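The sequence shown runs 23 to 450 under the working numbering.
C-beta: ideal position from N, C-alpha, C; glycine also.
Remember, it's a predicted structure, so these values are computed and weren't measured experimentally.
The block underneath contains the structure these notes are about, expressed in structure tokens.
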Amino acid sequence: MGRRRRGVSLGTVIMLLLTVAVVAGCCVFLAFIGGEDAYERTSSLLEQLAQREAAAADSTLAPSAREAAPATAAPVAQTPVPTAAPSPVPEASTFTLAAAGTVYAPKAVRQCAQESGDHYDFTQMFAGLGDALSRADLTVMTLETTTAGQEKGYGNYNTPPQILDALRDSGVDLVALATERALDKGYEGLEITLSELTTRGMASTGVSLQGGNSGTVMNIGGVQVALLAYTYGLSDEGKEKSQADERGAVAMIDTEAMVEDIVSARVNGADVVVVLPHWGTKNKQETPDNVRALARTLAEAGADVILGTHPNVVQGTERLSVTRSDGLTYESIVCYSLGSMLTDARTPENTAGMIAQLEITYDPVTRRTSLGELQITPVYIARQREDNQNVYRVVDAGNAQAVSALSPQEQAAAQEAAQFVSKMTGQQ
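Take a look at the structure:
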């Protein structure tokens with residue numbers, strides 16, 4: 023860079039004027055005493071002095087007009103500052119939930135699945151369901167038996183673990199274990215059952231050997247789904263096996279505790295809450311008032327879907343509109359009883375069950391859940407003679423192809439089962 027030019031001060035200007043004045047006075051004096059020759063020398067001196075002063079003034083007051091104009095710095099290219107892209111708005115996620123009723127395998131059912139010794143195959147029992155369970159993103163049902171192994175003695179409520187293979191292959195992802203039969207084989211039997219489920223990649227809810235929260239949270243297509251299960255009580259055998267060690271392994275129906283669990287699930291990040299209560303009265307088509315009242319309380323606490331079992335017969339469904347603690351209105355869907363999915367009972371009401379399927383959408387922006395139309399698939403538990411023995415088949419009673427594989431008598435019974443389920447659920 024060039025050095026900065028200094029400006030001319032007022033003192034310098036005054037000194038120049040005084041010098042000129044003094045020299046002029048001397049010239050006049052010399053002319054007076056020295057004549058014309060002295061005057062000419064003095065004029066020459068003044069002219070030289072004037073030239074010097076002009077040069078000095080020119081060098082100090084301003085740049086000469088002959089000097090080139092100072093170069094202007096080239097503009098520096100400005101690097102554009104990147105603008106942050108707006109954050110994408112989270113999209114709503116939709117998944118389908120399917121739920122079936124209770125499964126247990128008493129002696130008559132086990133016998134037709136037994137191939138040799140301790141080897142059982144229950145696969146064909148559920149072949150007639152087709153994709154009624156597997157087409158959903160999340161399928162749940164209630165296991166009203168343990169799978170504690172032959173050492174614990176097979177019986178009505180202890181089934182060979184191969185039944186879990188058949189359920190998994192049918193599309194079942196999670197089983198609710200909170201039933202009155204959960205501790206019929208003690209804590210060890212429950213522990214073995216949990217282990218059998220784990221080795222097959224199946225989830226469970228409603229029990230915890232460590233006590234405390236027995237719920238399960240599953241990520242279904244980016245949606246956090248909490249699943250909670252409870253039972254009205256334990257069988258006499260279960261009470262006897264557990265009375266010496268009160269671990270609280272099985273979640274019991276207790277309104278205050280259930281509400282607390284639902285609220286806790288929400289606080290801990292659950293987007294959708296599904297409750298599977300084992301409640302009501304066996305073999306009754308009517309839903310008790312106390313069950314309806316409890317369902318509403320759970321819905322108000324934050325339960326989106328309530329899927330009941332235990333009566334072993336299909337009961338009605340209901341879409342509830344409730345106001346929750348935030349003052350907003352929400353919808354919840356209740357299936358008071360899904361009936362049975364596998365049993366040896368032969369009354370028409372016991373052999374007719376249902377699979378409930380529901381499309382659920384969760385919006386992360388509004389943090390609200392939307393429930394689609396409840397779809398009901400009627401299920402019939404057929405029993406017919408094959409190879410000189412009774413064989414049990416669970417079929418989609420609304421699927422003509424599945425029903426056609428049954429005997430004429432069982433085909434008629436399947437049609438009656440479908441009609442019964444339609445009447446109970448209001449889906450004609």
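Checklist entry - Whose C-alpha, out of Asn178, Leu320, Gln337, is nearest the C-alpha of valine 296? => result Position 274 of the sequence shown holds residue 296. That would be Leu320, whose Cα lies nearest to the Cα of valine 296.
The region 225 to 232 / the region 244 to 252 touching (three or more Cβ pairs under 8 Å)
Touching, yes, given that three or more Cβ pairs across the two stretches are closer than 8 Å.
| query | Relative to the C-alpha of glutamate 395, which residue among Phe144, Gln379, His300 is closest? | reply | Here residue 395 refers to the residue found at position 373 of the sequence shown. Selected option, being the one with the closest Cα: Gln379.
Go ahead and pull the three-state DSSP assignment for methionine 147. Against the sequence shown, residue 147 aligns to sequence position 125. Here methionine 147 carries a helix assignment [DSSP, helix/strand/coil].
**Asked** Which residue's Cα is closest to the Cα of glutamate 322: Ser217, Ala434, Tyr414, Asp283?
**Response** Along the sequence shown, one-based indexing puts residue 322 at 300. Comparing alpha carbon positions, the residue from Ser217, Ala434, Tyr414, Asp283 closest to glutamate 322 is Asp283.
From this set, Glu438, Ala154, Gly171, His332, which residue's C-alpha is nearest proline 183's C-alpha?
Along the sequence shown, read from residue 1 onward, the residue named residue 183 stands at position 161. Relative to proline 183, the option among Glu438, Ala154, Gly171, His332 whose CA is nearest is Gly171.
For the region 351 to 401, list the beta strand (DSSP E) runs that are entirely contained and at least 3 residues long, ordered along the chain.
-> Note on the region 351 to 401: whole beta strand (DSSP E) runs with a minimum of 3 residues are 351 to 357, 362 to 364, 374 to 385, 390 to 393, in chain order.
### Task
For leucine 350, count neighbouring C-beta atoms within 10 Å of its own C-beta (all shown protein chains included) and say buried if the count is 16 or more, exposed if not.
Position 328 of the sequence shown, counting from 1, holds the residue named residue 350. The Cβ neighbour count for leucine 350, taken over all protein chains shown within 10 Å, is under 16; the residue is labelled exposed.
### Message
If you reduce the DSSP assignment to three classes, tell me which class isoleucine 214 lands in.
### Response
Taking the first residue of the sequence shown as 1, we reach residue 214 at position 192. Isoleucine 214 sits in a helix when the DSSP states are folded into three classes.
Worksheet item: Can the beta-carbon of glycine 361 be found less than 7 Å from the beta-carbon of valine 327?
Response: Within the sequence shown, numbered from 1, the residue matching residue 361 stands at position 339. Within the sequence shown, numbered from 1, the residue matching residue 327 stands at position 305. Not a contact, by the Cβ cut-off of 7 Å.
request  = Compute the Euclidean distance between the alpha carbons of arginine 368 and arginine 190, then round it to the nearest angstrom.
outcome  = Here residue 368 is taken as the residue at index 346 of the sequence shown, counted from 1. Here residue 190 is taken as the residue at index 168 of the sequence shown, counted from 1. Going by the C-alpha atoms only, they are around 25 Å apart.
Endpoints, the beta strand (DSSP E) within which asparagine 241 is located:
As a first step, residue 241 must be located in the sequence shown, where it is residue number 219. That run of the beta strand (DSSP E) goes 238 to 242.
To the nearest angstrom, how far is the alpha carbon of isoleucine 403 from that of leucine 298?
Position 381 of the sequence shown, counting from 1, holds the residue named residue 403. Position 276 of the sequence shown, counting from 1, holds the residue named residue 298. In this structure, the straight-line span from the alpha carbon of isoleucine 403 to that of leucine 298 is close to 22 Å.
Report task. Assign serine 347 to one of three DSSP states: helix, strand, or coil. Result -> Within the sequence shown, the letter at position 325 stands for residue 347. Assigned with DSSP and collapsed to three states, serine 347 falls in coil, not helix or strand.
Rounded to the nearest angstrom, what separates asparagine 305 and glutamate 259 at their Cα positions?
Here residue 305 is taken as the residue at index 283 of the sequence shown, counted from 1. Here residue 259 is taken as the residue at index 237 of the sequence shown, counted from 1. Answer to the nearest angstrom: the Cα atoms are 21 Å apart.
Exercise. Going along the chain, which residues of its own chain have a beta-carbon closer than 6 Å to the beta-carbon of glutamine 397, five neighbours each way excluded?
Worked result: By one-based count along the sequence shown, residue 397 stands at place 375. Correct list, in chain order: Gln379.
query: Can you name, in chain order, every residue of its own chain whose Cβ lies under 6 Å from the Cβ of alanine 383, other than the five neighbours on each side?
result: Counting from 1 along the sequence shown, the entry for residue 383 is found at position 361. Here residue 383 is threonine; the residue named in the question, alanine, does not match the sequence. Excluding residues within five positions, the ones whose Cβ falls inside 6 Å are Ala114, Thr116, Ser392.
Is the beta carbon of threonine 168 less than 7 Å from the beta carbon of asparagine 180?
Taking the sequence shown and counting its residues from 1, the one referred to as residue 168 is at position 146. Taking the sequence shown and counting its residues from 1, the one referred to as residue 180 is at position 158. Judged by their CB atoms, threonine 168 and asparagine 180 are nearer to each other than the 7 Å cut-off.
Keeping to the same chain, check which residues put their C-beta closer than 8 Å to that of aspartate 140; ignore five residues upstream and five downstream. The count along the sequence shown starts at 1 and reaches residue 140 at position 118. Excluding positions up to five away in sequence, the list reads Gln172, Pro182.
Exercise for review: Determine the direct distance from the alpha carbon of alanine 315 to that of threonine 345, and round the result to whole angstroms.
Suggested key: By one-based count along the sequence shown, residue 345 stands at place 323. By one-based count along the sequence shown, residue 315 stands at place 293. Straight across, the Cα-Cα distance linking threonine 345 with alanine 315 is about 14 Å.
Which of the three DSSP states, helix, strand or coil, is assigned to leucine 249? For the purposes of this step, residue 249 is taken as the residue at position 227 of the sequence shown. It is a strand residue.
Open item on the list: Checking 7 Å against the spacing of the C-beta atoms, do threonine 118 and alanine 158 come in under that value?
Closed with: Along the sequence shown, read from residue 1 onward, the residue named residue 118 stands at position 96. Along the sequence shown, read from residue 1 onward, the residue named residue 158 stands at position 136. The answer is yes: Cβ separation under 7 Å.
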